[in-house]
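What follows is a short report on a single structure.
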Amino acid sequence: DEEHVAATREAYRAKRARLLPVLERAGFEVAGGDATFFLWLRAPAGAVEALLEAGVVLAPGEIFGPEGAGYARLALVPTLAQCEGAADRIASVLI
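According to our numbering, the sequence shown is numbered sequentially starting from 48.
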């Protein structure tokens, strides 16, 4: 129903709004649109590895093919609280 769709959109919007400012301050650039539950990010050198070591779950872009090198995919599927925790961890590792 439309109420569920609206609530789902708002949940993804809130997660995106929490993560994007931190990612941008850490040097990531968003690639692609905003109508998805993934963030495709151009990653600064060494950032993906540092975040993986710190326990932030994201996918290195090269696992999706050679065009993905230098990118990372971050899912907005976890809860808002988990996304907030990831944002805090990203900030502590990279900023």
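Cβ coordinates follow ideal geometry from the N, Cα and C atoms, glycine included.
None of the values given here were measured: they were computed from a predicted structure.
Which of helix, strand or coil does DSSP assign to residue i?
i: residue 85; result: strand
i: residue 142; result: coil
i: residue 48; result: coil
Using CA coordinates, which residue listed in the options is at the minimum distance from residue i?
i: residue 74; options: 117, 123 and 100; result: 117
i: residue 136; options: 60, 90, 87 and 97; result: 97
i: residue 58; options: 82, 71, 78 and 72; result: 82
i: residue 55; options: 126, 140, 120 and 138; result: 126
i: residue 120; options: 139, 66, 72 and 138; result: 66
i: residue 101; options: 140, 64, 53 and 51; result: 140
i: residue 122; options: 105, 111 and 77; result: 105
i: residue 138; options: 103, 53, 87 and 92; result: 103
i: residue 78; options: 70, 69, 71 and 88; result: 88
i: residue 132; options: 52, 69 and 50; result: 69
i: residue 85; options: 92, 94, 107 and 72; result: 107
Using a Cβ-Cβ cut-off of 7 Å (strictly less than) and excluding sequence neighbours within five positions of residue i, which residues of its own chain qualify?
i: residue 90; result: 75, 117, 118 and 119
Can you list, in chain order, the stretches of the alpha helix (DSSP H) that have 4 or more residues and sit fully within the region 59–126? 94–100
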